[in-house]
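Structure record follows, encoded as structure tokens.
Number of protein chains: 2
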Amino acid sequence: MTVNVAVLPETTPLIDEAIRSAGATQVALSDARALIWTGSNQSGFPDQLPETLEWVQLKSAGVQPWITSGTVDLSRRWTSAVGAYSEDVAEHALALLLGSLRQLTVHARAKTWLKSETWNTVRSLRGRTVAIIGAGSIGRAVIPALSTLGASVIAVNRSGRPVEGASRTVAADGLESALLDADDAILAGSSTEDTHRLIGAEQLRALGSHSDGRTPGVLINVARGDLLDTDALIEALRSGTIAGAGLDVFDPEPLEDGNPLWDLDTVLLTPHIANPKHSMEQSFARLVAENLRRFTADEELQALIDLDRGY
Amino acid sequence: MTVNVAVLPETTPLIDEAIRSAGATQVALSDARALIWTGSNQSGFPDQLPETLEWVQLKSAGVQPWITSGTVDLSRRWTSAVGAYSEDVAEHALALLLGSLRQLTVHARAKTWLKSETWNTVRSLRGRTVAIIGAGSIGRAVIPALSTLGASVIAVNRSGRPVEGASRTVAADGLESALLDADDAILAGSSTEDTHRLIGAEQLRALGSHSDGRTPGVLINVARGDLLDTDALIEALRSGTIAGAGLDVFDPEPLEDGNPLWDLDTVLLTPHIANPKHSMEQSFARLVAENLRRFTADEELQALIDLDRGY
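Chains P and U supply the protein sequences, listed in that same order. Sequential numbering from 1 applies to the first sequence in my numbering. Sequential numbering from 1001 applies to the second sequence in my numbering.
Laid out in structure tokens, this is it:
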């Protein structure tokens, strides 16, 4: 039996194909059992949903605003895109890490041959130890590439339950020891009350301090801007406490013109593009196809939102 | 029995440790059976070597100048460092590839938030097809990371003999078909008469042309500058025939001030630092330790230079 599905505010060829591939039929909202919301936020979302609507698929991985506004209700199932974009964000973390170690900001701004200045200061990732702070779907997705490139991983998560591929996993209270032991760190955790400004001056000092003479490493943030105290970061970069930072997220965001981060040669920054539009459309269409298949087969949906858990 | 080994023009703590670990003894050149040459070129190399010297270990991966000058003789064994630095160079190729796809030059030069300009044009590597032109030790070393990141590989080598990890290997005469099928290309081959300006206007057109509507990809060069026709590259970048280039090597080198490559936002360039000094010292010390072990045990040395083959 074909499932009637509505797509709002507008469909795309990829979503049309996902619906076709799942054997579903596109209809108006009033006739639909499922709604695929292709908007990136709540703007234009229907004030009232038909009582017969059983399931809403959202496009965002972070749905806190949808929950806070009361839009996500208990009358039907709601699914997010949590996990669907993790591999692309993990890939960006790797790009920023390699790019920071190889001083791509200095090189991209240079107008002359700087080999004698930088050959001695650039670093390979191979042989380094990387702390992954918050080993959720993004953090776990970056581990295979780090391992393939010969780096080892210390994972930090809430429980301390061992993370596959990490040489060591520590619980949140082991953060400082992880930073002391690691060369570099990747912030990959979600933003909650517990993690607000998790990384401040003290943690940056731990990351940059090595009793065995290793030079300070770099900090990467692809998670949320507010995991990091921006002023403390700028101070740590200026003083050389850490060697560099690769940042895709900021607090507040967008990063305002004139912020010192724009000018520091030790900062490699991108404007929240870790999950490129092109890949996002493809990944979202794959999730829609899979969840439509599950909905049709009466299986549990992927990325079901749990109001108590908050995502 | 301990092997007497000389180190010239000067030793380092890492080389001292390699010699100790192999159970060898450091002596003056006149008393030595083996010479470790730690210089990056022939400057200061002894005019005459003792007849009793059985083996010379050089630090360079490319030893053409040593052969051309007649320094490498048939009176003893000579070894190069070919292969010893491949993993670091392969890592740099990956950094340039990810960095080009994610437009790090545009972002490193920006002083304002460009998300609306670049979110739609940056690309993930995942799902792309990468042609590796010249699948020697560097080319083969980049394949595992590409695979881990979800890209597939078309390898191009002289023989067409299948390369491990590549979805397809083609011989040199299949270069154009490989470029047509691939999204992006990495030049990783050695510089010989056959490969001089292997990539010109025609090959760049093939790389940028996709009958199925894919957008043009990027070209990476970590091998030798003269594999590529620089003028044709600049023209292909200006016309949008290809989307970008990541370059660590140039022809001539160093790249001269004022060359248009310094100014193009679609170019990510580094000044021949793919093999960072820090890693090179470590990798060379590992090679020295291994070859001293083999020399002592009368086993075949790694990276033995073959004058007929030319490396």
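The beta-carbon is built from N, C-alpha and C at its ideal position, and this holds for glycine as well.
Name the two residues that bound the continuous beta strand (DSSP E) containing U:Gly-1244. From DSSP, the beta strand (DSSP E) with U:Gly-1244 extends over 1244-1247.
How close, in whole Å, do the beta carbons of U:Glu-1054 and U:Ala-1081 come, if the pair is a contact with beta carbons under 8 Å? That belief does not hold up - the Cβ atoms of U:Glu-1054 and U:Ala-1081 are roughly 19 Å apart, past 8 Å.
State the Cα-Cα distance for the pair U:Thr-1230 and P:Gly-136, rounded to the nearest angstrom. Each residue's alpha carbon lies about 44 Å from the other.
Give me the DSSP bridge partner(s) of P:Leu-219. Residue pairing from DSSP places P:Leu-219 in a beta bridge opposite P:Ala-185, P:Ala-245.
Residues, ordered as in the chain, of the stretch 1271-1287 of chain U that lie near chain P by beta-carbon distance below 7 Å: Cβ contacts with chain P come from Pro-1271, His-1272, Ile-1273, Pro-1276, Lys-1277, His-1278, Ser-1279.
What are the boundary residues of the beta strand (DSSP E) that includes P:Val-56? Counting along the chain, the beta strand (DSSP E) containing P:Val-56 begins and ends at 55-57.
Measuring CB to CB, does P:Thr-71 end up less than 8 Å from P:Gln-57? No.
Interface residues of chain U facing P:Ala-28 [CB-CB closer than 8 Å]: In chain order: nothing, as chain U lies at least about 30 Å away.
Could you tell me whether the Cβ atoms of P:Val-7 and P:Ala-24 are closer together than 8 Å? It is not a contact, given that the beta carbons lie outside the stated cut-off.
Which chain U residues sit within Cβ distance under 7 Å of P:Val-122? Those within 7 Å of P:Val-122 in chain U are Ile-1273, Pro-1276.
For a cutoff of 8 Å on Cβ pairs, would you count P:Gly-150 as touching chain U? By the rule that beta-carbons nearer than 8 Å mark a contact, P:Gly-150 touches chain U.
Identify the continuous beta strand (DSSP E) that holds U:Trp-1119 and give its terminal residues. Here U:Trp-1119 belongs to no beta strand (DSSP E), and DSSP marks it neither H nor E.
Is P:Ala-178 close to chain U? Criterion is C-beta to C-beta, closer than 8 Å. Cβ-Cβ to chain U under 8 Å: no for P:Ala-178.
P:Ala-34, enclosing beta strand (DSSP E) - first and last residue: Looking at the DSSP string, the run of the beta strand (DSSP E) that includes P:Ala-34 is 34-37.
Output needed for U:Leu-957: all residues of its chain with C-beta closer than 6 Å, excluding positions within five of it in sequence on either side, in chain order. The structure shown does not extend to residue 957 of chain U, since chain U is modelled only from 1001 through 1311, so no value can be given for it.
Just the chain P side, please: which residues come within less than 8 Å of U:Pro-1046 by C-beta, in chain order? What U:Pro-1046 touches in chain P: nothing, since even the nearest Cβ is about 26 Å away.
Would you call U:His-1092 buried or exposed, if buried means 16 or more other Cβ atoms sit within 10 Å of its Cβ? Classification for U:His-1092: buried.
Same chain only: Cβ atoms within 6 Å of U:Val-1267, ignoring 5 sequence neighbours per side: Result list for U:Val-1267: Ala-1245, Leu-1261, in chain order.
Do U:Gly-1165 and U:Gly-1150 have their beta-carbon atoms positioned less than 8 Å apart in this structure? In this structure, U:Gly-1150 keeps its C-beta atom at 8 Å or more from the C-beta atom of U:Gly-1165.
Check whether P:Ile-36 and P:Val-288 have beta carbons under 8 Å apart: Closer than 8 Å, so yes.
In chain U, which residues lie with their C-beta within 7 Å of the C-beta of P:Ala-95? Near P:Ala-95 (Cβ distances below 7 Å), the residues of chain U are Leu-1098, Gly-1099, Arg-1102.
Chain-order list of residues whose beta-carbon lies under 7 Å from that of P:Ile-15 (same chain, five-residue window excluded): Hits under 7 Å: Val-7, Ile-36, Thr-38, Ala-285, Val-288.
Who are the Cβ neighbours of U:Leu-1096 in its own chain at under 8 Å, not counting the five residues just before and after it? Once the five neighbours on either side are set aside, the close Cβ partners of U:Leu-1096 are Ile-1220, Val-1222, Gly-1246, Leu-1247, Asp-1248, Leu-1268, Thr-1270.
Where do the ends of the beta strand (DSSP E) carrying U:Ser-1069 lie? No beta strand (DSSP E) holds U:Ser-1069; DSSP gives it neither H nor E.
On the DSSP letters alone, give me the boundaries of the beta strand (DSSP E) that P:Thr-79 sits inside. Under the DSSP assignment, P:Thr-79 falls in the beta strand (DSSP E) whose first and last residues are 77-79.
Which residues in chain P have a C-beta closer than 9 Å to the C-beta of U:Lys-1111? List them in chain order. Those within 9 Å of U:Lys-1111 in chain P are Asp-257, Gly-258, Trp-262, Asp-263.
For P:Arg-123, I'd like the list of residues in its chain whose CB is within less than 7 Å of its CB, leaving aside the five on either flank, ordered along the chain. Correct list, in chain order: Leu-101.
Mapping the DSSP letters down to three states, classify U:Asn-1259 as helix, strand or coil. In the three-state scheme derived from DSSP, where H, G and I count as helix and E and B as strand, U:Asn-1259 is classed as coil.
Beta carbon of P:Val-130, beta carbon of P:Asp-73: below 8 Å? Going by C-beta atoms, P:Val-130 is not nearer than 8 Å to P:Asp-73.
Between which two residues does the alpha helix (DSSP H) harbouring P:Ala-291 extend? Just to set this straight, residue 291 of chain P is Asn in the shown sequence, not Ala. Here the alpha helix (DSSP H) through P:Asn-291 covers 277-296.
Reduced DSSP category for P:Thr-52 - H, G, I as helix; E, B as strand; rest coil: P:Thr-52: coil per DSSP, three-state reduction.
Pick from U:Arg-1161, U:Ala-1178, U:Ala-1171 that is closest to U:Ile-1152, judged by C-alpha positions: Note that residue 1152 of chain U is Ser in the sequence shown, not Ile. Nearest C-alpha to U:Ser-1152: U:Ala-1178.
Measure the CB-CB distance between U:Leu-1104 and P:Gly-225 and report whether it falls below 8 Å. Against a cut-off of 8 Å, the Cβ pair of P:Gly-225 and U:Leu-1104 comes out as no contact.
Taking the beta carbon of U:Gly-1213 as the centre, do at least 16 other beta carbons fall within 10 Å, making it buried, or is it exposed? Counting C-beta atoms within 10 angstroms of its own C-beta, U:Gly-1213 has fewer than 16 neighbours from the protein chains shown and is therefore classed as exposed.
Using a Cβ cut-off of 8 Å (strictly closer), state whether U:Glu-1051 contacts chain P. No - not a single Cβ of chain P is within 8 Å of the one on U:Glu-1051.
Closer than 8 Å by beta-carbon distance: list the chain P residues that pair up with U:Leu-1268, in chain order. Near U:Leu-1268 (Cβ distances below 8 Å), the residues of chain P are Leu-104, His-107, Ala-108.
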